[in-house]
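For the sequence shown, full-length UniProt numbering assigns the number 1 to the initial residue and increments by one for each residue that follows.
For glycine and all other residues, C-beta sits at the position ideal for the given N, C-alpha and C.
For clarity, every value in this text was computed on a predicted model and none was experimentally measured.
Here is the structure we will look at.
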Amino acid sequence: ILFIVFVEAAAVCWFYGAERFADDVQKMIGFRPGCFWITCWKYISPTFTLMLFVFSFIPSDRLDTNPKKEQEMWITILGWCITCSSIIWIPVYIVYMYFITTGTMKERLRKMIKPVEYTHQEIERMSMYATHV
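Following this line, the structure appears as structure tokens:
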């Protein structure tokens, strides 16, 4: 989960842009967030989330007070399978988008991280389909 949160924070604030995100928040709530929030979105949240993710791999002593009670290996494997089943789709989608996007490597990467700007009519059309589903 921490990896997904880090990727999401990086995508929103580094690729989409914290300033553009602040503009979107202003449209939603009526006033622009201050520089504290923009700094948190750009640097503090992604840094702490990445640190938590990295530190989660450092082995620690078991907190269980009963030394006879060992955690079974299948529980650990099941936990990693559940974790990886949600994380794996992020790089898979990035590779998929890279191969279906046309252009040179630099053009592909630029197209992949550029946000799509929808017109008001396109948003209305998409919301019309969403209400009929």
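Looking at the secondary structure, which residues open and close the alpha helix (DSSP H) in which residue i lies?
i, result
"residue 53", "45-55"
"residue 32", "Segment: none, residue 32 is in no alpha helix (DSSP H) and carries neither H nor E."
"residue 8", "2-10"
So which of the options has the shortest CA-CA distance to residue i?
i, options, result
"residue 20", "116, 126, 121 and 91", "116"
"residue 5", "34, 25 and 86", "86"
"residue 17", "28, 108 and 114", "114"
"residue 48", "2, 126, 122 and 127", "2"
"residue 14", "38, 33 and 32", "38"
Helix, strand or coil: which one does DSSP assign to residue i?
i, result
"residue 91", "helix"
"residue 101", "coil"
"residue 114", "coil"
"residue 119", "coil"
"residue 72", "coil"
"residue 58", "coil"
Out of curiosity, what's the CA-to-CA distance linking residue i and residue j?
i, j, result
"residue 8", "residue 42", "12 Å"
"residue 80", "residue 91", "17 Å"
"residue 82", "residue 45", "25 Å"
"residue 103", "residue 118", "23 Å"
"residue 11", "residue 96", "17 Å"
"residue 75", "residue 94", "30 Å"
"residue 58", "residue 26", "40 Å"
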